[in-house]
Amino acid sequence: MIRFLSFSHRLTKLALAGLIAAFCTACGSDSDNTSQQDTLDDAVQAEITDRQLTGDPSTGRNLPSIDTPKAQLGKHLFFSKALSGDMDTGCVTCHHPTLGGGDDLSLSVGVDADLPDVLGPGRLHSGAGDHFDGGPTVPRNAPTTFNIGMWDKVLFHDGRVESLGKTASMGGADGMGIRTPDVPFASADPDAGAGLVVAQARFPVTSPEEMKNFGFFNGATNQEVRQFLQERLGDYGTPPGGPLAVNSWLELFQDAYGPSGNSEEVVTFNNMADAIAAYENSQVFVDTPWKAYVEGDTTALTQAQKRGALLFFRSVDEGGADCAACHTGDFFTDEDFHNVAMIQVGRGKGNGATGTEDFGRFRETGLEKDRFAFRTPTLLNVGVTGPWGHAGAFTSMEAFIRQHTDPERGLAEYDWHQIDANVQVDHAQANSQAALDHWLDLLANGESLLPIVELTDREVNDLVAFMDALTDPCVESRECLAPWIPADDELDPDGMRVIAVDMYGEYL
Ligand code: HEC
Ligand code: HEC
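Note that the sequence shown covers residues -28 to -1, 1 to 480 in mature numbering (1 follows the signal peptide of the UniProt record, and there is no 0).
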């Protein structure tokens, strides 16, 4: 039905295009291109005006500069392996600036890598590591930390860190509190800290596969892990694993949290989370070609990108793909959850009969409509945040968009070779089918915002081109990203900095 509608609509569009072409022939060939371009610019401008877009989701937000003492401390913490139980993994292991604020992998490998400082493709779980199965140890794709300060409602693919007020105020600081995995669904975590990003930073250290490991901190509660870490970095107490051999953390904590404070006063886990969040929040990368265009530079986008923008914003009835039904506003997300029948690969989250499924938002709410639903991602910097999808099943944007506009055909035509050979796919076909069947039910009941859209090859290319317009060139430049990466001659507070290299040994 929907296919038919969009097809008949396309005929109308063709007829219109024919009329315009005929009209312009009469205008004379010189003005031909210009007037077509004006028409396209006018149409895109109408969408921008209708949606009240400014191009800049950072407007009105008070985000720290990377030069502040807190963000600088956060940078060193983010890069230190001392934050993981057995001292082999840092936050940066899965969120490196030159890897798009992620790890360039479909699914992350955290602790027990065979070469701890190798990031990206070629990072493998050691055969001697706990729960070795040959594939990645983490069941979901690492999202980017870029522009993290622009989320108002939810963090994580399933929103298990969320602002209970759900107002538009910054980072959940709306007085209603923040729910985290430390407390039951819908209740406020009294220790969450100031904002979603601070709250989130309390958790990677508690995940065995990401940072906690299975050695020194094995069996410790989340609160114990945080206690051990503050003792380890603050050089007090008796944390498992003993004191650090090299330790100049105090000075950095004093710079950020009070020069007169002693270790136990300033080297606290709350300050660690706060400083890490300052570092992450300073990663504002919004200067995209799209922003320049919205701000009035009509040369900032190519014709294909402008056509892609129209497809993106227009509804199916208007001949578009209705992407903005979910990828709304200047941050390109409604911060809501949808089952879009995404291909499911990897170990899974322990759901379903085989334990290899990932029920997504359903895991938190228990609501049937949320089964296989994941948070709508931002599309800013999407050019560097692949592989795409919550399990990183796509390494090609073109293939992603084809699947996203027709999930049934997408699964049938899915190219299993695109993901790393070690990614677990034993149950992937059946697990993806389960998500697809659930989505087809939602669609039949009128409960899905994801339409089936028939696109020509050119339209797919136009959408891909528009996606390219959403990336800030800074994130593609090592030089531009340098402030977010400790320099060689910078103090390494514990000698445990991740000196990141790719699989060929080249420094990142
Ligand atoms: C082993 C890889 C790994 C490590 C190490 C790691 N992360 Fe992540 N991170 C992930 C994955 C995977 C997710 C998504 C998990 C989910 O949604 O269930 C994630 C999610 C996040 C998010 C939420 C992003 C969003 O858009 O919602 C933030 C912020 C983040 N991590 C920051 C950190 C910080 C800070 C640290 C260190 C304290 C850290 N990560 C360590 C893999 C990692
Ligand atoms: C029904 C809401 C909805 C609509 C409509 C929609 N998307 Fe999405 N989109 C999502 C969700 C949810 C995800 C994440 C799915 C997952 O990972 O399981 C996503 C993921 C993506 C991603 C991958 C981003 C990443 O970082 O992994 C891209 C790119 C994307 N969408 C582009 C588009 C385009 C282009 C359109 C229009 C053709 C579109 N979306 C229409 C909800 C939607």
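Backbone N, C-alpha and C fix where the C-beta goes; we use that ideal spot for every residue, glycine too.
For P108 against L136, the beta-carbon gap comes to about 32 Å, at or over 8 Å, which does not count as contact. Each residue's CA atom was taken as its position, placing G62 and P156 some 28 Å apart. V312 sits close to L422, with the two beta carbons spaced by under 8 Å. For E134, the uninterrupted beta strand (DSSP E) segment begins and ends at V133 to S135. Relative to ligand 1, A114 has its C-beta within less than 7 Å of a heavy atom. Per DSSP, reduced to three states, the secondary structure at E426 is coil, with no helix or strand assignment. Closer than 7 Å to some heavy atom of ligand 2: that describes the Cβ of T348. The bridge partners DSSP lists for Y479 are V473.
Taking non-hydrogen atoms of ligand 2 into account, the C-beta of T357 is found less than 7 Å away from one of them. Here the distance from the Cβ of D130 to the nearest heavy atom of ligand 1 is below 7 Å. D58 and N185 have their C-alpha atoms spaced approximately 6 Å apart. With respect to P458, H48 sits close: the two C-beta atoms are nearer than 8 Å. Going by C-alpha positions, A296 is about 52 Å away from Y208.
In the same chain as A249, and ignoring 5 residues on each side of it, the C-beta atoms closer than 6 Å to its own belong to V169, V170 and A173, in chain order.
Annotation: N323 to P111 spans about 11 Å, alpha carbon to alpha carbon.
Beta-bridge analysis with DSSP links F346 to H310.
Here the alpha carbon of Q405 sits roughly 33 Å from the alpha carbon of A100. In this structure, N403 and G106 do not form a Cβ contact; the two beta carbons are roughly 18 Å apart against a cut-off of 8 Å. Taking C-beta atoms as the reference points, V239 and L205 count as a pair closer than 8 Å.
Around the beta carbon of D14, a 10 Å sphere encloses fewer than 16 other beta carbons of the protein chains shown; the residue is thus reported as exposed. Look at F285 here: in three-state DSSP terms it is helix.
Look at W360: its beta carbon is less than 7 Å from one of the heavy atoms in ligand 2. Across the set D302, F303 and R279, the C-alpha of R279 shows the shortest separation from the C-alpha of G292. Counting the other Cβ atoms within 10 Å of the Cβ of F189 gives 16 or more, which makes it buried.
Look at T65: its beta carbon is less than 7 Å from one of the heavy atoms in ligand 1. The alpha carbon of F225 has as its nearest neighbour, out of G214, G213 and M244, the alpha carbon of M244.
According to the DSSP assignment, Y251 belongs to the alpha helix (DSSP H) that extends over F241 to N253. Straight-line measurement puts the Cα of K263 at about 12 Å from the Cα of T31. One Cα belongs to A192, the other to V256, and the distance between them is close to 35 Å.
When the beta-carbon positions are compared, L71 and L480 come within less than 8 Å of each other. Considering only G320, L216, Q375 and P455, the residue with the shortest C-alpha distance to D466 is L216.
Counting only the Cα atoms, D464 lies some 44 Å from T326.
DSSP places L12 in the helix class (H, G or I) of the three-state scheme. Inter-residue distance for G82 and T21 is about 44 Å (C-alpha atoms, whole angstroms).
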